[in-house]
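Participant: When you read off a place in the sequence shown, starting at 1, and then add 22, the result is the number in this note's numbering. Idealized CB from N, CA, C, for every residue including glycine. Values in this document were obtained by computation on a predicted structure and should not be read as measured data. Please read through the structure below; I'll follow up with questions.
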Amino acid sequence: MDVGEQELLTAIGKVLSGAGPEVLVGVGDDAAVVRPGPGDLVITTDVMVEGTHFDRTFTSARDLGYKAVVVNLSDIAAMGASPRQAVCALTLTDAVDAAWTMELFGGMREACDEHALWMIGGNLALGREVTVAVTVIGEVARGRAVTRSGAQVGDAVVVTGSLGGSAAGLKIAAGSAVSWSGDERDALSRHFRPMARVGEGQGIAHAGATGMIDISDGFSLDLSRLCRASGVAANIHASSIPVHPAATQDQALAGGEDYELLATIPPAAVVPLAAELMEQFGTRLSVIGEIGPGEGVTIDDAAGRRTLDPVGWDHFA
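Have a look at this one:
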């Protein structure tokens with residue numbers, strides 16, 4: 023690192039955008055002080071580790087900072103909540119300099135500004151690998167958080183957007199091509215600059231969602247988690263899965279890091295909800311299956327009905 027810790031902290035403070043009226047003490051003290059709102063707090067954290075979650079040879083600092091915030095916002099969205107504040111614990115190495123670090127926080131500010139989120143504190147350390155750990159605090163009306171455990175028999179299974187784009191983007195980025203088609207460029211964006219479906223999550227919650235989860239580790243794995251938490255089974259129709267145009271169906275089923283929302287809702291709510299999400303956000307909502315009694319996930323495809331194994335990202339596999 024080419025500057026001292028205090029100098030770097032001062033520079034970071036200038037990049038961040040201040041704080042809202044509920045933040046009584048922000049960046050610069052031993053801890054932040056926040057006046058809580060009237061709702062329930064929703065708290066999530068995620069860490070991105072160099073060599074596991076990103077490669078600095080083809081990931082820019084600004085994109086990394088943006089994504090480190092968005093992956094947490096996606097968890098907030100999956101609860102039907104609104105983001106409020108964030109903190110970041112950052113480990114740097116001697117291989118990065120102050121300019122790289124400022125670009126990282128520039129990307130964080132971009133993501134925060136898009137969602138009226140305040141970065142109110144954190145920590146810096148020096149270590150053997152770069153790690154970016156962000157914690158986001160959100161708020162939801164009392165007793166209205168949507169969890170994984172409420173899916174009901176007869177519910178429709180729906181997803182936002184398209185699946186497999188991030189996995190396709192990672193494969194494209196790791197290749198040697200110097201120019202890409204429009205679909206491939208979009209897939210690259212899905213990987214490096216994913217979208218947090220915060221507004222959509224609130225809309226799905228208001229429409230009566232019984233269960234919801236964000237697709238971070240892979241569609242089949244995350245759906246199996248929702249079913250297990252709810253004590254139900256799901257059947258999926260392969261022809262209804264919204265596969266990203268640059269992706270394969272395998273990438274859509276197990277690729278991970280799409281950060282789309284997977285939810286279960288009463289069938290009568292599907293049509294008005296789909297119209298609302300398209301009108302307000304330009305986001306497609308696809309019905310891809312239904313919830314039934316039992317356990318596990320099955321899929322109907324050209325070969326008939328078969329078990330859909332919960333395949334996806336597992337840090338410890």
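On the premise that residue 162 lies in contact with residue 56, defined as a C-beta separation below 8 Å, what is that separation, rounded to the nearest angstrom?
Facilitator: Working through the sequence shown from its first residue, we reach residue 56 at position 34. Working through the sequence shown from its first residue, we reach residue 162 at position 140. With 8 Å as the limit, residue 56 and residue 162 do not qualify as a contact, their Cβ atoms being about 16 Å apart.
Participant: Below 8 Å on the Cβ atoms is my contact criterion, and I expect residue 257 with residue 320 to pass it. Report the Cβ-Cβ distance as a whole number of Å.
Facilitator: Counted from its first residue, the sequence shown places residue 257 at position 235. Counted from its first residue, the sequence shown places residue 320 at position 298. That belief holds up - the Cβ atoms of residue 257 and residue 320 are roughly 5 Å apart, short of 8 Å.
Participant: In the DSSP assignment, find the alpha helix (DSSP H) that holds residue 224 and state where it starts and stops.
Facilitator: Walking along the sequence shown from the start, residue 224 turns up at place 202. From DSSP, the alpha helix (DSSP H) with residue 224 extends over 220 to 228.
Participant: Just to confirm before moving on: does the CB-CB distance between residue 287 and residue 230 stay below 7 Å?
Facilitator: Within the sequence shown, residue 287 is the residue found at index 265, counting from 1. Within the sequence shown, residue 230 is the residue found at index 208, counting from 1. Taking 7 Å as the Cβ cut-off, residue 287 and residue 230 qualify as a contacting pair.
Participant: With DSSP as the reference, please indicate the residues paired to residue 76 in a beta bridge.
Facilitator: Here the question's residue 76 lines up with position 54 in the sequence shown. Secondary-structure assignment with DSSP links residue 76 through a beta bridge to 72.
Participant: So is residue 174 buried or exposed if we call it buried at 16+ other beta carbons inside 10 Å?
Facilitator: Taking the first residue of the sequence shown as position 1, residue 174 is located at position 152. Label assigned to residue 174: exposed.
Participant: Taking C-beta to C-beta, are residue 227 and residue 158 nearer than 7 Å?
Facilitator: Numbered from 1 along the sequence shown, position 205 holds the residue referred to as residue 227. Numbered from 1 along the sequence shown, position 136 holds the residue referred to as residue 158. Not in contact: residue 227 and residue 158 (Cβ atoms no closer than 7 Å).
Participant: Excluding sequence positions up to five away, which residues of its chain have a Cβ less than 8 Å from the Cβ of residue 114?
Facilitator: Start at 1 with the first residue of the sequence shown, and residue 114 comes out as number 92. Taken in chain order, the residues that qualify are 23, 123, 146, 147, 148, 149 and 152.
Participant: Specify the secondary structure class of residue 92 as computed by DSSP and reduced to three states.
Facilitator: Your numbering for residue 92 matches position 70 in the sequence shown. In this structure, residue 92 counts as helix in the three-state DSSP scheme.
Participant: Can you tell me which of 214, 235, 59 and 208 puts its alpha carbon nearest to the alpha carbon of residue 220?
Facilitator: Walking along the sequence shown from the start, residue 220 turns up at place 198. Nearest of 214, 235, 59 and 208 to residue 220, Cα basis: 235.
Participant: Use the C-beta contact count for residue 305: other C-beta atoms within 10 angstroms, 16 or more gives buried, fewer gives exposed.
Facilitator: Position 283 of the sequence shown, counted from the first residue, corresponds to residue 305. Flag for residue 305 reads buried.
Participant: Report back the beta-carbon spacing between residue 225 and residue 299 to the nearest angstrom; my notes put them in contact at under 8 Å.
Facilitator: The count along the sequence shown starts at 1 and reaches residue 225 at position 203. The count along the sequence shown starts at 1 and reaches residue 299 at position 277. Right, the Cβ-Cβ distance comes to about 6 Å (below 8 Å), so this counts as a contact.
Participant: Below 8 Å, how does it come out for the segment 176 to 190 and the segment 273 to 287: are there three or more Cβ pairs, yes or no?
Facilitator: yes
Participant: Distance check for residue 137 and residue 128, CA to CA, integer angstroms please.
Facilitator: Residue 128 sits at position 106 when you count from the first residue of the sequence shown. Residue 137 sits at position 115 when you count from the first residue of the sequence shown. Rounded to whole angstroms, residue 128 to residue 137 spans 15 Å at the Cα level.
Participant: Report the residue ranges of all alpha helix (DSSP H) runs contained in full by the segment 260 to 290; include only those spanning at least 4 residues, in chain order.
Facilitator: 271 to 276
Participant: Taking the alpha helix (DSSP H) that residue 57 belongs to, which residues open and close that run?
Facilitator: The residue you call residue 57 lines up with position 35 of the sequence shown. No alpha helix (DSSP H) contains residue 57, which DSSP labels as neither H nor E.
Participant: Is the CB-CB distance between residue 313 and residue 177 below 7 Å?
Facilitator: Indexing the sequence shown from 1 puts residue 313 at position 291. Indexing the sequence shown from 1 puts residue 177 at position 155. Yes. Within cutoff.
Participant: Is residue 123 helix, strand or coil when you go by DSSP?
Facilitator: For the purposes of this step, residue 123 is taken as the residue at position 101 of the sequence shown. Residue 123 falls in the helix class under three-state DSSP.
Participant: If you draw a straight line from the alpha carbon of residue 165 to that of residue 104, how long is it in whole angstroms?
Facilitator: For the purposes of this step, residue 165 is identified with residue 143 of the sequence shown, where counting begins at 1. For the purposes of this step, residue 104 is identified with residue 82 of the sequence shown, where counting begins at 1. Residue 165 and residue 104: Cα-Cα distance of roughly 14 Å.
Participant: Per DSSP, which residues does residue 63 bridge with? Please list them.
Facilitator: Position 41 of the sequence shown, counted from the first residue, corresponds to residue 63. Answer is 161.
Participant: If residue 13 sits next to residue 267, beta carbons under 8 Å apart, how far is it from one beta carbon to the other, in whole angstroms?
Facilitator: This structure gives no information on residue 13, because the portion of the chain shown stretches from 23 to 339.
Participant: Residue ranges of each alpha helix (DSSP H) run of no fewer than 4 residues wholly in the segment 173 to 197, ordered along the chain?
Facilitator: 187 to 195
Participant: By DSSP, does residue 258 sit in helix, in strand, or in coil?
Facilitator: Reading the sequence shown from its first residue, position 236 is the one you call residue 258. In this structure, residue 258 counts as strand in the three-state DSSP scheme.
Participant: Can you tell me whether DSSP reads residue 49 as helix, strand or coil?
Facilitator: Here residue 49 refers to the residue found at position 27 when the sequence shown is read from its first residue. Note: residue 49 maps to coil in three-state DSSP.
Participant: Which residue wins for smallest C-alpha separation from residue 1, given the options 110, 214 and 140?
Facilitator: Here the chain covers residues 23 to 339 and nothing more, so residue 1 does not appear.
Participant: According to DSSP, what are the bridge partners of residue 146?
Facilitator: Against the sequence shown, residue 146 aligns to sequence position 124. Residue 146 is bridged to 112.
Participant: Under three-state DSSP, which class holds residue 307?
Facilitator: In the sequence shown, the residue the question calls residue 307 occupies position 285. Correct three-state label for residue 307: strand.
Participant: Assuming contact is defined by CB atoms lying nearer than 7 Å, are residue 54 and residue 144 in contact in what I supplied?
Facilitator: Mapped onto the sequence shown, residue 54 falls at position 32. Mapped onto the sequence shown, residue 144 falls at position 122. In this structure, residue 144 does not lie closer than 7 Å to residue 54 by Cβ.
Participant: Buried or exposed: where does residue 252 fall if 16 or more other Cβ atoms within 10 Å of its Cβ makes it buried?
Facilitator: Residue numbering aside, residue 252 sits at position 230 when the sequence shown is read from its first letter. Looking at its Cβ environment, which holds 16 or more other Cβ atoms inside 10 Å, residue 252 is buried.
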